[in-house]
Each structure stands twice: as structure tokens, then as C-alpha cells.
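Report on the structure given below.
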Amino acid sequence: MGKLQSKFRKRSEIYRTTQVEKSETTFDSKVVQYEPAHKGSTNTVTNLSPELCVSGGSDQAVVVYDWKQGRMCQTFQGHNREVTKVVCYPGSTWIFSASRDKTVLMWDLNQGDEPIQEFCGHELVVNGLAISPEGRKLCTGSRDNWMCLWDIESAKCEQRQNVSRNLVTHVCWVPGSSSVVQTSEDKIIRVWDSRAWQVTNTFPAKQYIQTHCDVSPNGHYLVSSSNGFGGQGCEATLWDLRQPGCKVVEYRGHLQTTACCMFLPTPPGGSPQVATSSHDSSVKVWDQNTAVCLGTLHLDGAGPLVCLAPTDSANLLCASFNNGLHHIQLGNGLSMDQDSGASSGGAGELDVKVVARF
């Protein structure tokens with residue numbers, strides 16, 4: 001097997017692996033290439049279970065993929081324009097997908113390949129999608145300035161609110177709370193009370209469009225990201241939700257729009273971390289509290305990196321425009337190889353590398 005691996009390494013840094021070879025190449029400096037999940041760009045990815053991810057792309061498909069085994073499990077076709085966001089309800093087989101076709105579809109991995117529910121009412125692309133903690137309500141936000149609250153069982157829109165210039169870019173439900181947070185192209189972050197369906201707080205407007213947001217598992221912090229160019233406005237910002245409008249730190253270092261920002265599961269014995277991905281084709285991992293960049297991964301040729309999905313403290317999935325989905329590994333003391341496209345940044349405390357692409 002050692003000779004076979006050596007032969008493969010000489011031929012190409014990207015190769016297709018067998019089940020036998022897989023366990024031996026997981027920590028290799030080369031990238032394993034699996035069957036692509038999508039034809040065209042991948043716009044969004046999230047977790048369904050520890051082994052399964054769900055993604056959506058310009059091919060209008062919603063795909064369930066076993067990223068550990070490198071195999072496609074299910075493809076859902078129902079949208080007639082590209083898929084913009086996917087979310088899953090934890091501990092279930094429910095999948096929700098939003099699209100440029102102005103609709104949201106609900107799927108169940110155990111109930112065939114047809115949607116089991118359809119949520120219609122927006123007039124433009126749906127960019128925001130979030131499920132309430134108890135799994136009964138769905139929040140959607142669109143470029144049409146509307147924020148909507150739906151009953152999942154009946155697919156009935158129970159609440160609607162139009163806020164001028166609120167071109168929604170992303171929506172998050174605060175864990176264990178009735179609050180919903182959303183970012184917008186008008187540069188303002190809004191906090192909604194899902195019971196009254198009213199804006200309860202707004203954060204100070206940033207200089208640039210807010211592209212994405214995420215809430216920490218304890219519900220105390222919010223991280224948001226900004227668009228920009230030439231290193232200006234490309235930061236992510238950590239906010240304290242307990243003190244609305246209180247900015248804690250900023251994560252600066254990307255050269256183009258920061259498209260996604262996510263809290264990472266805290267590694268054993270480690271400090272809290274935040275990951276960001278950018279149109280500059282890089283992923284950065286930051287110390288949440290000090291804003292020190294712990295590691296940087298450059299994916300040359302991958303185009304804009306538009307979405308991240310942490311699976312655990314050591315593994316991260318990333319969606320790209322040009323090269324599909326990437327399985328990224330985070331760790332200390334891993335052997336690094338420049339051929340993998342990985343490099344350390346900032347304090348250089350973290351090794352960040354791609355181990356598979358699909």
C-alpha cells in the first residue's frame with residue numbers, strides 16, 4: 001500500500017480514493033476528490049447529522065452527502081431557480097431550502113424525493129431561513145423587505161412585517177430564545193421578538209452591507225460579516241447580545257467581502273473560536289475573544305467561499321463557487337504541505353488544511 005500511495009502522490013495531488021486507501025490518506029497532504037455534489041456553484045451548506053451535510057447550488061438541487069464516506073445519499077429537485085440557503089432541524093430528518101424562485105421547500109430524508117411542504121408569499125429571492133428552537137415555526141427573510149413567520153405544520157404565514165430598505169441577507173434564531181437576528185443590505189442588524197413580530201433592537205449601522213450572521217450556542221454573542229474590497233469593510237464583528245449594540249472585537253484580515261462567519265465548537269481545553277470565509281478564496285480561524293488570527297487557508301482558484309458549516313471542533317465544510325464543497329481539517333501539530341494549499345496566518349497556532357473535495 002505504501003508503494004501505491006507513493007505512486008498516486010507522484011501522479012497528482014488530487015486523486016480518487018478507494019475505501020481501503022481512505023483511512024490512510026485522511027491526514028495526507030494531498031486532497032481526496034469525491035463525486036461532486038453539484039454541477040455549477042455551491043451556494044450553501046449545513047449539517048444534518050455528524051456524518052451528513054446538506055447543500056444547495058446553482059443547479060437548483062438540494063443534496064444530502066455523506067462527507068465522511070464520500071458518497072451522495074439523496075438529491076432533491078423541486079426549485080426552478082438556484083438554491084440560496086438550506087437549514088436543518090437538529091435531531092430530525094427535516095430539511096428546508098430557500099431559492100431565487102421566491103419559495104421555501106421542506107423535505108424529509110425519510111419521506112421520498114418530493115417536498116412535503118411549500119412556503120410561498122415572498123416577491124423576491126429568499127435569503128434568510130431559520131427554524132425556532134422547538135421546531136414549530138419557520139422564519140424567512142427576503143430582498144422584498146419582508147420578514148415572515150410561518151407555522152411549519154400548516155405552512156401558513158402567521159406574521160409578516162415590511163421594513164423599508166431591509167433587504168435581508170441572513171437570519172438566525174437565538175438558541176433557547178424567542179429572538180431572531182437578521183442582517184441586511186441596508187447595513188443594519190435587527191433583533192426581532194418572534195412573539196410580537198416586532199423589531200426590538202437594532203445595532204449601529206456598519207459602513208458596508210452585512211452579509212451573514214451567527215449566534216453563539218449560549219445565545220450571548222452574535223458575529224456578523226461585511227462586504228468590501230481592497231481590505232476595506234471586509235471584517236467580521238463580534239457583538240454582545242446581552243448589551244444590544246455593544247461591539248466586542250473585529251476580525252480583520254480578508255481582502256474582499258467576508259461572505260460567512262460562524263462560531264466553531266470549542267476544542268477540548270481550548271478557547272472559543274470563530275471562522276470566516278471570503279470572496280478572496282480564503283478561510284480564516286480566529287480566537288473569539290482576542291481577534292488573533294490563528295490560521296489561514298488559501299484555496300486558489302476556488303472563487304468566492306460563500307458558506308461554512310462546522311461539524312465539530314476539528315472539521316469544517318466550506319462551499320465555493322468554482323470547486324464545490326471542501327472538507328477542511330483544523331488541528332495543532334499536523335504536518336503541513338504547501339501543495340495542499342494550506343498556510344498558517346496570524347499567530348500560526350492552528351493548522352488548517354483541505355483533506356477532501358466533493
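Be aware that the sequence shown starts at 1, since it is given in UniProt numbering, and climbs by one per residue.
By construction, the Cβ of each residue, glycine as well, lies at the ideal position given by its N, Cα and C atoms.
Note that the coordinates shown come from a computational prediction; the quantities given were computed from them, not determined experimentally.
Could you say which of 320, 107, 218 and 70 lies nearest to residue 153 if we only look at CA atoms? Residue numbering aside, residue 153 sits at position 153 when the sequence shown is read from its first letter. Residue 107 is the option with its Cα nearest to residue 153.
Just to confirm my understanding: we take residue 206, look at its own chain, exclude 5 residues before and 5 after, and list those with CB closer than 6 Å. What are they? Translated into the one-based positions of the sequence shown, residue 206 becomes position 206. Hits under 6 Å: 187 and 226.
Excluding five sequence neighbours on each side, which residues of the same chain lie with their C-beta closer than 7 Å to the C-beta of residue 204? Taking the first residue of the sequence shown as 1, we reach residue 204 at position 204. For residue 204, same chain residues with a beta-carbon under 7 Å away, outside a window of 5 residues either side, are 245 in chain order.
Taking 7 Å as the threshold (C-beta atoms), are residue 302 and residue 278 in contact? In the sequence shown, counting from the first residue as 1, residue 278 sits at position 278. In the sequence shown, counting from the first residue as 1, residue 302 sits at position 302. Not in contact: residue 278 and residue 302 (Cβ atoms no closer than 7 Å).
One question on the structure: do residue 330 and residue 355 come within less than 7 Å of each other, judged by their Cβ atoms? The residue labelled residue 330 in the question sits at position 330 within the sequence shown. The residue labelled residue 355 in the question sits at position 355 within the sequence shown. One thing to note: residue 330 has its Cβ no nearer than 7 Å to the Cβ of residue 355.
Hey, out of 167, 165, 140 and 144, whose CA is closest to residue 156's CA? Against the sequence shown, residue 156 aligns to sequence position 156. Nearest in C-alpha terms to residue 156, of all of 167, 165, 140 and 144, is 140.
Option in 76, 43 and 275 with minimal Cα separation from residue 114: Within the sequence shown, numbered from 1, the residue matching residue 114 stands at position 114. Checking every option, the nearest Cα to that of residue 114 belongs to 76.
Which ranges would you report for the beta strand (DSSP E) in the segment 67–126 if only whole runs of at least 3 residues count? The segment 67–126 contains these whole beta strand (DSSP E) runs: 71–77, 83–88, 94–99, 103–108 and 117–120.
Residues near residue 102 in its chain [Cβ-Cβ closer than 6 Å; skip 5 each side]: The residue you call residue 102 lines up with position 102 of the sequence shown. Cβ neighbours of residue 102 beyond the five flanking positions: 122.
Please tell me whether residue 236 and residue 248 are closer than 7 Å, where the distance is taken between their beta carbons. Taking the sequence shown and counting its residues from 1, one reaches residue 236 at position 236. Taking the sequence shown and counting its residues from 1, one reaches residue 248 at position 248. Contact flag unset, no.
Is the number of C-beta pairs between the segment 289–298 and the segment 32–44 that are closer than 8 Å three or more? Flag = no, the segment 289–298 and the segment 32–44 do not touch.
Relative to the C-alpha of residue 317, which residue among 58, 70 and 83 is closest? As a first step, residue 317 must be located in the sequence shown, where it is residue number 317. Residue 317 has its Cα closest to that of 70, out of 58, 70 and 83.
Residues bridged to residue 328 by DSSP? Taking the sequence shown and counting its residues from 1, one reaches residue 328 at position 328. Checking the DSSP bridge columns, you'll see residue 328 partnered with 316 and 354.
Checking 7 Å against the spacing of the C-beta atoms, do residue 308 and residue 275 come in under that value? The residue given as residue 308 occupies position 308 in the sequence shown. The residue given as residue 275 occupies position 275 in the sequence shown. Contact: yes.
Out of 52, 129, 192 and 74, state which residue places its alpha-carbon closest to the alpha-carbon of residue 91. Within the sequence shown, the letter at position 91 stands for residue 91. Comparing alpha-carbon positions, the option among 52, 129, 192 and 74 lying closest to residue 91 turns out to be 52.
Cβ neighbours of residue 67 in the same chain (closer than 8 Å, five flanking residues each side left out): On the sequence shown, residue 67 is found 67 positions in, with the first residue counted as 1. 51, 52, 53, 311, 317, 325, 327, 356 and 358, listed in sequence order.
Going by DSSP, what residues sit across from residue 180 in a beta bridge? As a position in the sequence shown, residue 180 is number 180, starting the count at 1. Beta-bridge pairing by DSSP links residue 180 to 173 and 192.
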